[in-house]
Structures are given as structure tokens and as C-alpha cells.
Amino acid sequence: MPECFVAKVSEMQDGDRRIVVAGSAEIGVFYKDGDYFAYSNYCVHSGGPACEGLMINRVIDVIAPDRTYQGQTFSDDVHFVCPWHGYEFELRTGECVGDRRLRLKKFDVVRRGDDIFVVA
Amino acid sequence: MDMVRSEVRKLAAEDYSTVQHLAHASQQARERNYQDFLIVDVDAHHYESESYKDVFEYIESPVIRRQAVESAKRGGRASMLGGQIGYQDIGGRITRHELRRHDIRRHDKLGAPHHRDVGMTLEWMDAMGVDYSCLFPTPMLFLGLHPQVEVEVAMCRAYNAWLCERVLAVEPRIISMLYLPFNDPEAAYKTVKDFGDKKGVVGFMVTSPRYKPVHDNAYVKTYALLEEMGKPIAFHAAYNWNDQSLSLANRFISVHALGFMWFNMVHMTNWVVNGLPERFPKLKVMWIESGLTWAYCLMQRLDHSYMMRTSDCPSLKRKPSEYMREMFYSSQPMEKPRDRSILEATFKMINAETQLMWSSDYPHWDFDLPSVVYDLPFLSETGRRNILGGTAAKVFGLDPKPVKKIP
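Going down the list, the sequences are from chains A and B. Quick note on my numbering: the first sequence kicks off at 1 and runs consecutively. Quick note on my numbering: the second sequence kicks off at 1001 and runs consecutively.
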């Protein structure tokens, strides 16, 4: 499996990402909270650039112990959103939040010295 | 065949372009050889509000023109045209809605002789593989709810005149079904009379959220005129969060899912039950942006009741579904059930291979690509070509030769 250069370690700050194009593959490489994640940039829905949209925390309903609704807030889980139609994916797994049976193809990311590579 | 590529891209907002945003759509278009056949988009949009300054100059009444121009100067406090509550961009998740400002700036810098909406529209059409697009406004989809009928009429005439002169007259690939000021039946008739023969005008469109019944006798002469001209009448769905029933909903998903079906279901029911298909048998009727399942549902509901209550609709000579099956439907937002047989049954119910027309609704949040139809395994090749463009070419009188330039 070929390794494709992504960036120097120093070039990617927290929350940064790169789109690596290698032949017919397009891979989104994310750097968040000290970890790298890489997924196919083709959305499971209609092929949109899944890794090129907003990164945003998961929205949750706040339900009190008595089961009443108390509003909404953001959780600590980070999602990224396909900018074509809003399909949301979990950053840590690539799972589609609306249907967990769907997920983006995951790629390994390796660090060699000061360089980051994705295994395409 | 795509070239072998190797690059690393950063995602800088200022680098945004529609061509890049839709690069995967262009890839689909090349892989599926869209260049070899006609694709017509029967429902696409621009943001006419970005051109209100120009459009307002076309308002005939000097008093309303001044009100419009002055109110636009104080955007944010109040608007003479009103608006609709909603957050269609899903809290900023549909990034093109905000990033398009970079496209606007780029097109303005190009200094093209035509209005920038011409260039911007052609750009996404080519990227998707579309030959012709039927362009509709966006905020004006809610103008039928305006409490001042004279404002709807004034704005409708101004927008139609502006669109004909600045867009349709200069670009043959952009066509439109013009806005009908339906709250004033006389003005609706005059609109068809005055604009029906303009270049690129392929029909007329009623925005569905409104509260006048389609079977009112006041509309009969407009329907007769459209029938005589051979131009379709289309009902373009939208929502009204202030509608008494829809105001019970607390999220946009609910209002959108229900609202975009609701008004067309009401208008369709009135249209059929009152025997309009019998009175105007040659009038082409289109239903836009309600998806497909609403028709599948309504056909069965009306047929079931009709057999017991024929006295409620004595003008009908056949079951309601038989009339509905002769009307035309736009495809977007096409529901995609996991079980394909459900979608296949829906297609069968509306005679999709001759009555359905593909639409993108681009650049709105739930747009569809041609591949939603192209990739369906149960269509005949003729049916596929009809839905993607052949049927629209017949209904609108378009040259079936493809003219797109896929990047």
C-alpha cells in the first residue's frame, strides 16, 4: 500500500485537515486533540466531498431525570459534515451518525519523524 | 477517463469555488457519459435577493418602488417583502450558502457583459452535466403569503421583467416558468398575456404556500389561456411555518418534510376533485419539489374515497389517480428507501418513465444530482433518458441536442 505525504507535523494545528489526492483516491486527513484520522472523501450518500465541510460537535437533547425536555446543547463528540447535504460523520470512527450501518472508508495515518503520511 | 492526480489540498475558505465544490459531481458526469445525452433540470434556483437593487428598479409603481428601495437600505430591521422563518443551511453545515460570496466576488471581478447569475448558473450546470435549467427565485417562493396583494403583483412583474431582460434574453440554456401573482387572478392572467411569448419562458409557476383555492372560477380564463398557448402551469412547493397546523412543529426538519407536501396535496386535491382535468384536458400541470411519495399516497387516498363519494366530484369520469397519472412531477427531493422495490412502485404509480422530470433544486440544501435517476436499476433506457431530459424537452419545446461542457 503506497504511503502518501500529507504534511509536516508542524504544519497541522489542532482542527486542521488536508485533502490528499492520490490517483483515484481522495482522502481527508484530520488532526484533532493529538490524533490523526483519515477517511475517504466520497460521501456515502451521493458522493459529495464528505471531509471538506464543517467540523462541529454533536448536538444533543437535554432530557431531565423526570424525562422532560430541557433544551439542546453540544456534546464533546466531534463530527464532520459533508457540505453537500449535511450528512454527519463521527470523527473518531467515520460512522454516519444518521445510520450507523454506513461508514466512510478509513485509512491509516503514520508519522515518520517530522512527516505525516496516509496509507492509501 | 480522469487523469491520475496527486496533490494535497488545504481547505481555505477564500479558495472556494462552485467548480471545486462540485468536482465529484463532474466526475460522476464524466463516468456516466452525460455529454452524450440531454439533461434538463426542471427546478433550480438563484438568490434573486442578491439582485434586489436591480430588480426594484423594474417596479412599475413609483410608490411601491420607493418603499422597496428604502426598506432594502435598512436590511435586518424590517423588510417590505417579508421573509420566512427557517434555517435551511442547517446551522451553517451547508457551507456553500455562506461561501458563495467568494463566487460572487470572483464573477463580479470577471466583468462579464451579462448579469453574474448567468455565469454562476452556467458554472454549476456544467459541473453537474446539465444542458438546460429552469431557474426559479428563492425568497420569492414565499411571496404568496404577503398580506399586501399589490406588493405581490408589483414584485412579480418587476422580477419577471428583470429575469426576462437580464437573464433569459441573453442565455438560451437558462429557461424559466415565470412567477404568477396568484392572489390577484386578473394580474395572473395579465402576466401570462404579457410574458408568455418572451424568450426562455417555458411556462408559469404558482408558489404553493398560499390560501386561495385553485378551483376558484377567477382562474378559469388563465388556465384556458395557458392551455391555448401550450404552456404548463407548475405548482412549486414550499412551507409556511406560520400555517396553523405547521406552527405545531418545533424543528425545521418537521416543517420542511410536511410543508413541502402539504400545500401541493391540498392544491392537487382541489384540482382533481373539482374536475379541472376534465375542463382543461390539454393543460399541462406540473408539481414541483414535493418529492414522490406524496402522490403515491394521495392517489390511493382519493381513489378509495372516490368510489364511495362520486357525488362529491361529479365532473370526474375516471378515478382521481388516473388524472394524476397524466400530470408531470419533478423528482427532487427524491426519497430513497432502503428497499428499492418501494421506490420502483412509486415510479410505477406516477408513470414516471413519461411523467417524471429530473430536478436538482441546486443550490438549495437538499439538492439532487442526475445520478439519483441515472443509477436506478429498474428503469428502461428510454425511461431513464426521458426522466433526465427527454420529457422536459417535449413539454418545454427544447432542442434535444446536448450542449453542456462538463469540466
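Backbone N, C-alpha and C define an ideal beta-carbon position, used for all residues, glycine too.
- Collapsing the DSSP output to three states places B:L1168 in a helix.
- Sequence-ordered contacts of the segment 1202-1229 of chain B with chain A are nonexistent [C-beta pairs closer than 8 Å].
- The residues C1313, S1315, L1316, in chain order, have a CB closer than 7 Å to that of B:G1275 in the same chain once the five nearest residues on each side in sequence are set aside.
- Scanning its chain for C-beta atoms nearer than 6 Å, with the 5 sequence neighbours on each side dropped, one finds around B:A1188 the residues L1180, P1181, F1182, T1222, in chain order.
- In this structure, DSSP gives A:T93 a state outside helix and strand, which the three-state scheme calls coil.
- Rounded to the nearest whole angstrom, the CA to CA distance from B:E1227 to B:G1203 is 11 Å.
- Collapsing the DSSP output to three states places A:P49 in a strand.
- Going by beta carbons, B:A1029 and B:Q1035 fall inside the 9 Å limit.
- Of the candidates B:V1372, B:A1392, B:L1292, B:D1399, B:L1292 places its Cα closest to the Cα of B:A1345.
- In this structure, the beta-carbon distance from A:V20 to B:R1009 falls below 9 Å.
- The way I'd put it, the segment 1055-1067 of chain B does touch the segment 1146-1158 of chain B; three or more beta-carbon pairs between them come closer than 8 Å.
- With contacts defined as CB atoms closer than 9 Å, A:S10 and A:I27 fail to qualify as a contacting pair.
- Distance from B:P1320 to B:V1272 at the Cβ level is roughly 5 Å; contact confirmed, criterion being Cβ atoms closer than 8 Å.
- For the pair A:V6 and A:L54, the Cα-to-Cα distance works out to about 20 Å.
- Proximity of the segment 100-115 of chain A to the segment 1114-1130 of chain B falls short of the contact definition, fewer than three beta-carbon pairs being nearer than 8 Å.
- For the pair B:F1260 and B:S1290, the CB atoms are nearer than the 9 Å cut-off.
- Neighbours of B:W1365 in chain A, taken as residues whose beta carbon is under 8 Å from its own, are H85, G86 in chain order.
- Contacts with chain B at 9 Å (Cβ-Cβ) include A:E52.
- Contact annotation, B:V1042 with B:C1134: C-beta distance approximately 5 Å; criterion of less than 8 Å satisfied.
- Note on B:L1248: under 16 other CB atoms within 10 angstroms of its CB, so exposed under the neighbour-count rule.
- Less than 9 Å divides the Cβ of B:I1090 from the Cβ of B:W1365.
- The alpha helix (DSSP H) runs of length 4 or more contained entirely in the segment 1037-1116 of chain B are, from start to end of the chain, 1052-1056, 1062-1073, 1096-1110.
- Among the residues of chain A, those whose CB is under 7 Å from the CB of B:I1090 are G86, following chain order.
- For the 9 Å CB-CB criterion, B:V1055 and B:A1158 form a contact.
- The residue from B:F1347, B:P1333, B:Q1067 with its alpha-carbon nearest to that of B:P1377 is B:F1347.
- Counting C-beta atoms within 10 angstroms of its own C-beta, B:Y1362 has 16 or more neighbours from the protein chains shown and is therefore classed as buried.
- The Cβ-Cβ distance between B:F1195 and B:A1161 falls below 9 Å.
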